[in-house]
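Below is one structure; the comments refer to it alone.
Residue numbers (this note's numbering), protein chains in the order written: chain A, 1 to 259; chain B, 1001 to 1251.
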């Protein structure tokens, strides 16, 4: 394993807040359609929180609001003790560096190689130009996701599962404290999906981060969650561990668990 | 409702322009990316602009010659062609070619990045995509259009010189002497300033259309299409405004 020293190194003794993220009464509408109807939730340190729900229930909207990509109609979002919507552009950028976001479609920059994709946030945010330092960090992140051999390939040459993993590596290279996964296993075969689930768990162990995992894949929820919040009709209907929820009689949620 | 949406869109465009202008003056500057975009702008359009400018020079000269010949004023041909090329034809050809070539390219490129969430990915990783993707492209088109116009003017005049030579053997020096005495500094500078505005409009419209592209492949298509159509219309509007403005100067 390579050792690197960079502005991104986190110390073992670094103290984390009691609540990593806190959402209160979050509401968001698109036209006449209210997607989020007063969501409340907390994310605790080193926790994997799964947000489960059918398509169109506002799961992705919720995490996009958390990083300031969308603005809610009302409600508050505190991430790492900061009110996301009270921050100016510079402060929001600083906060975003501590939040990783893995997109549903990977969102790799398709005009850049895998190496350039991973180097991009390092060069832009920290001005790191030392080639050997950059190389060490890129290779470290790619080894974490088991794709060191793809370093010089273009995103178009990768399979769906590989793209997801490179997308996660590009996020992890910034050593975030909170990781947001948007449908990490959607569109993948069951074996690749299980590899991604294992990756989510191993990265939590390695980087000691808290994660929110948006999914409608119940096996992914079972595998990765410490706690599940089930969204129905834009509200958090149920909350608990997988074992607590699996015998639910809620007509909207029962089909999820009787897969 | 439609009028309200129109006003909201106008306000959005205004905010976009203000962000771009701020990006021009407030660091950090994207020197490397801007230089890369300048190279792309020049490289993509140079051949096409040279080719069309040459044809325009030839055609304009051939079509003007009979009228002048009927007054026995063929010797005025370099004067007529040079003023037409420098004042209007060169900037207009360059602007329209660039609107088609670069406007669609910027619109489609940024549009597909928007649709595939690449711009969002840049945003959430704190990498300031607006200055990297938008300001650098608009700066490049604004800086490169005047350079391309100079190139187009020279090629068009060269095409004109070759055409004049078919009928009357004329020396290269004499032809370009006639050109130089008839083209004023005001003609040259106003043409270059006008083309910088053309470049700004092309970059701005392409970037705005791409950056605000709707989801899906049709969204990208619409972004590319509106980038071309709107920037072409704007080029004619800017040409008209600059003409009125210059007439004030000349009078």
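Glycine is no exception: its CB is placed at the ideal position from the N, C-alpha and C atoms.
- Beta bridge pairing from DSSP links residue 181 of chain A with A:102, A:213.
- Within the same chain, and ignoring the five residues on either side of residue 1122 of chain B in sequence, the residues whose Cβ sits closer than 8 Å to its Cβ are 1128, 1129, 1132, 1133.
- According to the DSSP assignment, residue 43 of chain A belongs to the beta strand (DSSP E) that extends over 33 to 43.
- In this structure, residue 121 of chain A and residue 173 of chain A form a Cβ contact; the two beta carbons are roughly 7 Å apart against a cut-off of 8 Å.
- The closest CA to that of residue 201 of chain A, considering only A:220, A:66, A:106, A:42, is found on A:220.
- By the neighbour-count definition (other C-beta atoms within 10 Å, threshold 16), residue 149 of chain A is an exposed residue.
- Contacts with chain B at 8 Å (Cβ-Cβ) include residue 67 of chain A.
- Chain order gives the chain B residues near residue 125 of chain A as 1125, 1126, 1127, where near means a beta carbon separation below 8 Å.
- The C-beta of residue 1118 of chain B comes closer than 8 Å to at least one C-beta of chain A.
- Residues of chain B with a Cβ closer than 8 Å to the Cβ of residue 24 of chain A do not exist; the shortest Cβ-Cβ separation is about 22 Å.
- A:207 is the residue among A:250, A:101, A:207 whose C-alpha sits nearest the C-alpha of residue 45 of chain A.
- Rounded to the nearest angstrom, the Cβ distance from residue 1101 of chain B to residue 1048 of chain B is 6 Å, consistent with a contact under 8 Å.
- Within the stretch 139 to 152 of chain A, contact with chain B at the beta-carbon level (separation under 7 Å) is assigned to no residue.
- Contact note: residue 1196 of chain B does not reach chain A at a C-beta cutoff of 7 Å; the least C-beta distance is about 27 Å.
- The beta carbons of residue 28 of chain A and residue 83 of chain A sit no closer together than 8 Å.
- Assignment of residue 1209 of chain B by DSSP, reduced to helix, strand and coil, places it in the helix class.
- The C-beta of residue 223 of chain A has 16 or more other C-beta atoms within 10 Å across all chains shown, which makes the residue buried.
- Secondary structure of residue 76 of chain A (DSSP, three-state): strand.
- Close to residue 109 of chain A, with beta-carbon spacing below 7 Å, are these residues of chain B in chain order: 1118.
- Apart from sequence neighbours up to five positions away, the residues of its chain that approach residue 1203 of chain B with a beta-carbon distance below 6 Å are 1137, 1138, 1141, ordered along the chain.
- For residue 1108 of chain B, no chain A residue has a C-beta closer than 9 Å to its own C-beta; the minimum C-beta separation is roughly 13 Å.
- Secondary structure of residue 1222 of chain B (DSSP, three-state): helix.
- Taking the Cα positions, residue 195 of chain A is about 10 Å away from residue 162 of chain A.
- Within the stretch 120 to 193 of chain A, the complete beta strand (DSSP E) segments at least 3 residues long are 178 to 182, listed from N- to C-terminus.
- In terms of CA proximity to residue 1187 of chain B, B:1245 leads the group B:1023, B:1245, B:1118.
- Under the DSSP assignment, residue 25 of chain A falls in the beta strand (DSSP E) whose first and last residues are 21 to 30.
- Counting C-beta pairs with one atom in each stretch, the stretch 1068 to 1086 of chain B and the stretch 1018 to 1029 of chain B have fewer than three that are closer than 8 Å, which means they do not touch.
- When C-alpha distances from residue 1028 of chain B are compared across A:131, A:190, A:248, A:124, the shortest belongs to A:124.
- With a cutoff of 8 Å on beta-carbon distance, residue 151 of chain A and residue 165 of chain A are scored as not near each other.
- With respect to chain A, the C-beta atom of residue 1121 of chain B has a partner C-beta closer than 8 Å.
- Between residue 91 of chain A and residue 210 of chain A, the gap from beta carbon to beta carbon reaches 8 Å or more.
- For residue 121 of chain A, the C-beta contacts it makes with chain B under 8 Å involve 1125, 1126, 1127, in order along the chain.
- With a beta-carbon spacing of about 6 Å, residue 24 of chain A and residue 75 of chain A fall inside the 8 Å limit used to define contacts.
- The beta carbon of residue 214 of chain A sits closer than 7 Å to the beta carbons of 51, 59, 60, 63, 181, 182, 183 from its chain, once the five residues preceding and following it are set aside; these are given in chain order.
- Taking 8 Å as the threshold, the shortest C-beta distance from residue 242 of chain A to chain B does not fall below it.
- By the 16-neighbour rule on beta-carbons within 10 angstroms, residue 39 of chain A is buried.
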